[in-house]
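Shown next, in the form of structure tokens:
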């Protein structure tokens, strides 16, 4: 989103009952900004709703010294505008209150009496940073619009292949099988297919076969008539019947037992469904999308999955890559989840620093996008700082990153320490001699060692000057 104040004077509210602060603000700031002087918290909240400011100098003592009111006002202002520069002016600022104000979203606090030269410089820098942040977010949002498909987010080549497949299969009524590890977003793919299909406004029924108890899954899928079994006090349609006219998504289809596989195969072959205890089959029309993280081919060979059903549902396979194979997507997803959960929890959008992001990008993510999303949600809630650093990351992720670095240095079979050190020494000696055209004294100076040691090492490794 472009910053509407980028080329005009910023609107600054000064909220205080202290006439000396009003006069100083008018004197120092009026030539550079549009200044609005207010003497009440209610006034600034009302004006901010009508015509947003870019910055607010807020005399926190106007809240009669009540920390709860100070924190509440800052929080309300921050919720109105995540980019608002909020500078607090206060007589007494303890560590606890500072932390509370920072958590509520204050930009900075100055102790009264205010040094206006310092405050004016800070305000100018903060407004410039605000403008850069808005521009950067606009760039990110534009990039995100080019790096997403429905609710799916990713700019990697692997995800673009997924998007292309979705675009091709969505308009048809072809059966699709989504393959991928747990947590990769298989239901999001199913929803993206439906959204771009001619059944977008018809029922979408999603069933996780693995989540239903063995004793209930048949009734849940096929429905039952009144009195069909103990506890069946009234007739009820199953999920297959409820999908009539729309789309049925069966997640973890590989967990269905053989008896249910046989019954579901008849549904697909005859386009009818019969409730438990029912005598009359009902005509049914739905598009089938399935998903699994199992090796169904192996399950067929082992006799755990019907071969004829496998061929019925494996018409168009769509492979969803694990997060570790989606180069560059972790950063996009981190930014998206931080913003989403910050907004959902009424907080200013948190950021992540470069070092922490590098650790996350190196992590293998066995739980895939679901694992990353859960972590970002937890960090938004538990980290009081506006920026998430390496120290805030879970120990297990830090340990994995350290272990991977160790594995790069020392492979599992081990190394010869002396040989590795010799190899490094030779590389440095050769580089120094090359740069100094073979002059050993100059090479010794370049490597910050004495000439005698240089000559010794050259003899040791058989290097000529």
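In the numbering used here, the protein residues as written are 16 to 480. Each residue gets a CB set at the ideal place from its N, CA and C atoms; glycine is no exception. Predicted, not measured: the structure shown is a model, and the values here were computed from it.
According to DSSP, residue 232 sits in a beta bridge with which residue or residues? As far as DSSP is concerned, residue 232 takes part in no beta bridge.
Looking only at its chain, what residues have a beta carbon closer than 8 angstroms to the beta carbon of residue 278, apart from the 5 residues adjacent to it on each side? Within the same chain, Cβ atoms closer than 8 angstroms to the Cβ of residue 278 are found at 233 and 237, the five residues on either side in sequence being excluded.
Spatial distance of residue 85 from residue 409 (CA atoms): The C-alpha of residue 409 is placed about 33 angstroms away from the C-alpha of residue 85.
Do residue 374 and residue 416 count as a contact pair if the criterion is CB distance below 7 angstroms? For the 7 angstroms CB-CB criterion, residue 416 and residue 374 form a contact.
Going by CA-CA distance only, name the one from 272, 214 and 441 that's closest to residue 258. Ranking 272, 214 and 441 by Cα distance to residue 258 puts 214 first.
Nearest to residue 25 by alpha carbon, out of 42, 129, 146 and 199? Checked all of 42, 129, 146 and 199; the closest Cα to residue 25 is 146.
Closest by CA to residue 282, which one among 292, 271, 300 and 270? It is 300.
Using DSSP with H/G/I as helix, E/B as strand and the rest coil, what is residue 82? Reduced to three states, the DSSP call for residue 82 is helix.
In terms of residue numbering, what span does the alpha helix (DSSP H) encompassing residue 181 cover? Here the alpha helix (DSSP H) through residue 181 covers 172-184.
Endpoints, the beta strand (DSSP E) within which residue 447 is located: It is not in any beta strand (DSSP E) - residue 447 instead sits in the alpha helix (DSSP H) that spans 432-450.
Can you name the start and end residues of the beta strand (DSSP E) that residue 484 belongs to? With the chain represented from 16 up to 480, any question about residue 484 goes unanswered, as that position is not in the structure.
Using the Cβ count rule (16 or more neighbours within 10 Å means buried), how would you classify residue 42? Exposed.
Just to confirm the assignment, what range does the alpha helix (DSSP H) spanning residue 384 have? Run containing residue 384: 383-397, per the alpha helix (DSSP H) assignment.
May I ask which residues mark the beginning and end of the beta strand (DSSP E) holding residue 124? Start and end: 123-126.
Rounded to whole angstroms, what's the CA-CA distance from residue 295 to residue 317? Just pull it up for me. Near 35 angstroms, if we compare the C-alpha coordinates of residue 317 and residue 295.
First and last residue of the uninterrupted beta strand (DSSP E) at residue 103: Taken as a continuous stretch (DSSP letters only), the beta strand (DSSP E) holding residue 103 covers 100-105.
Locate the alpha helix (DSSP H) running through residue 29, then write down its first and last residues. Premise fails: residue 29 lies in the beta strand (DSSP E), 26-30, not in any alpha helix (DSSP H).
What do you get for residue 22, buried or exposed, if any count of 16 or more other CB atoms within 10 angstroms of its CB means buried? Low confidence applies to residue 22: its pLDDT is 44, below 50, so where it sits in the model is not reliable enough to give any reading.
Would a C-beta distance cut-off of 7 angstroms place residue 262 and residue 302 closer than the cut-off? For residue 262 and residue 302, yes; Cβs fall inside 7 angstroms.
Would you call the segment 362-370 in contact with the segment 324-332, where contact means no fewer than 3 C-beta pairs closer than 8 angstroms? With the cut-off at 8 angstroms, the segment 362-370 and the segment 324-332 do not touch.
Could you say which of 388, 357, 447 and 394 lies nearest to residue 93 if we only look at CA atoms? Cα-wise, what sits closest to residue 93 is 357.
Mind checking which residues open and close the alpha helix (DSSP H) that includes residue 369? Segment 369-377, the alpha helix (DSSP H) holding residue 369.
Compare the Cα-Cα distances from residue 191 to each of 333, 315 and 229 and report the closest residue. Here the closest residue by C-alpha is 333.
Quick one, which of 434, 447, 31 and 311 has its alpha-carbon nearest residue 463's? For residue 463, the closest C-alpha among the options 434, 447, 31 and 311 is that of 447.
Going by DSSP in three states, residue 66 sits in which element: helix, strand or coil? In this structure, residue 66 counts as coil in the three-state DSSP scheme.
Determine the direct distance from the alpha carbon of residue 388 to that of residue 51, and round the result to whole angstroms. Between residue 51 and residue 388, the C-alpha separation is close to 42 angstroms.
Can you tell me whether residue 367 is buried or exposed? The criterion is at least 16 other CB atoms within 10 Å of its CB, across all chains shown. When all chains shown are included, residue 367 counts as buried.
Looking at the unbroken alpha helix (DSSP H) that takes in residue 50, where does it start and where does it end? For residue 50, there is no enclosing alpha helix (DSSP H); the enclosing beta strand (DSSP E) has its first and last residue at 49-53.
Count the other CB atoms, across all protein chains shown, that sit within 10 Å of the CB of residue 122; report buried if there are 16 or more and exposed otherwise. Flag for residue 122 reads buried.
Can you give the Cα-Cα distance for residue 432 and residue 185, rounded to whole angstroms? Residue 432 and residue 185 have their C-alpha atoms spaced approximately 58 angstroms apart.
Sub-7 angstroms separation of residue 112 and residue 127 beta-carbons: Cβ atoms of residue 112 and residue 127: not closer than 7 angstroms.
Delimiting residues of the alpha helix (DSSP H) encompassing residue 193: Per DSSP, residue 193 belongs to no alpha helix (DSSP H); it is in the beta strand (DSSP E), 191-194.
Do you know offhand how far residue 204's Cα is from residue 193's? One alpha carbon belongs to residue 204, the other to residue 193, and they sit about 8 angstroms apart.
By DSSP's criteria, residue 223 is part of a beta bridge. Which residues make up the other side? In the DSSP assignment, residue 223 forms a beta bridge with 266.
C-alpha distance - residue 35 paired with residue 60, whole-angstrom precision: Spanning the alpha carbons of residue 35 and residue 60 requires a straight line of approximately 23 angstroms.
Hey, out of 134, 212, 138 and 131, whose CA is closest to residue 165's CA? Closest by alpha carbon: 212.
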